[in-house]
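Undergrad: In the working numbering, the protein residues as written are 3 to 238. Please see the structure below; I have some questions.
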Ligand code: FPP
């Protein structure tokens with residue numbers, strides 16, 4: 003392995019956690035078993051991110067498009083998120099993790115939405131890792147919502163700069179991701195953080211999400227460290 007100790011660690015890593023279904027199918031298990039196993043990877047990756055000194059970790063846990071899956075799978079995923087929140091919150095809090103939820107949380111119903119809000123409030127002062135959970139999130143919906151908020155706030159057109167617009171997105175206050183990882187061999191953004199990923203480095207790995215752990219996370223950071231980021235500028 004190359005020595006990355008002298009190279010920058012990404013401040014913000016975003017992950018499209020893909021391949022739970024294929025992991026389960028390969029074992030002739032129900033899809034829910036793949037999602038359950040995927041939740042274990044979430045735990046491992048949070049620890050790996052803290053260990054590596056990553057400051058923001060954004061996980062695409064449920065997309066706006068996931069509502070179109072069969073009702074049983076939607077309910078399995080919702081149950082898993084609820085269960086995860088209840089069983090992990092105390093430990094996340096103890097580890098200094100701040101939870102931030104982006105997306106249309108109201109669509110999960112008032113009870114879960116309130117629970118998510120309470121978790122955000124409880125962990126609001128933590129600063130070791132900011133864990134951003136994208137729930138019922140879509141990149142286009144984020145941008146349209148920001149445009150509506152700008153109109154509702156009566157912001158004059160000339161004042162609507164990129165910076166001003168970014169404050170209207172769900173991710174206000176969170177720096178743009180430096181690195182996007184997508185598992186399972188797919189090479190698409192799939193309506194994830196469309197605005198925020200403008201300059202992100204991308205790492206695509208064939209590993210299915212339930213098989214993703216600390217080693218795979220470290221390999222992605224290593225890949226990132228070896229890239230040269232120019233943000234559109236020409237090299238000197
Ligand atoms: C993609 O696999 C994954 C999802 C749709 C949801 C991600 C959810 C988890 C990792 C588990 C629960 C989350 C938390 C926060 C505890 P897929 O079903 O699209 O896989 P496939 O493409 O192989 O069918």
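Every residue gets a Cβ at the ideal spot worked out from N, C-alpha and C, and that includes glycine.
What whole-angstrom Cβ distance do residue 105 and residue 58 have, given they're in contact under 8 Å?
TA: That pair is no contact at about 16 Å.
Undergrad: Would residue 81 be called buried (16 or more neighbouring beta carbons within 10 Å of its own) or exposed?
TA: Classification of residue 81: exposed, given that the 10 Å Cβ count is below 16.
Undergrad: State buried or exposed for residue 85, treating a residue as buried only when at least 16 other CB atoms are found within 10 Å of its CB.
TA: Counting Cβ neighbours within 10 Å, residue 85 comes out exposed, since fewer than 16 surround it.
Undergrad: Run through DSSP, which three-state label would residue 183 get?
TA: Strand.
Undergrad: Less than 7 Å between the C-beta atoms of residue 155 and residue 162, yes or no?
TA: No, these two residues do not count as a Cβ contact at 7 Å.
Undergrad: Can you give me the Cβ contacts of residue 11 inside the same chain, cut-off strictly under 7 Å, excluding the 5 residues immediately before and after it?
TA: 54, 55, 56 and 223.
Undergrad: Please name the residue or residues paired with residue 14 in a DSSP beta bridge.
TA: Answer is 58.
Undergrad: Any idea if residue 133 is buried or exposed, counting beta-carbon neighbours within 10 angstroms, 16 or more meaning buried?
TA: Residue 133 is buried by the Cβ-count criterion.
Undergrad: Can you determine whether any heavy atom of ligand 1 sits closer than 6 Å to the C-beta of residue 78, and answer yes or no?
TA: Answer for residue 78: no, Cβ out of range of ligand 1.
Undergrad: According to DSSP, is residue 104 helix, strand or coil?
TA: The answer is strand: DSSP assigns residue 104 an E or B state.
Undergrad: How many Å lie between residue 4 and residue 226 at the Cα?
TA: Per-residue confidence for residue 4 stands at a pLDDT of 46, beneath the threshold of 50, marking its modelled position as unreliable; no derived number is given.
Undergrad: For residue 229, which residues in the same chain have their Cβ closer than 6 Å to its Cβ, ignoring the five residues on either side in sequence?
TA: If we look at residue 229 and ignore the five residues flanking it on each side, its Cβ neighbours are 203.
Undergrad: Just to confirm the assignment: which complete beta strand (DSSP E) runs, minimum length 3, are found wholly within the stretch 64-118?
TA: Counting only runs of 3 or more, we get 99-104.
Undergrad: Under 8 Å by Cβ, that's how I've got residue 179 and residue 47 pegged, so tell me the actual separation to the nearest angstrom.
TA: Not confirmed; about 14 Å, so no contact.
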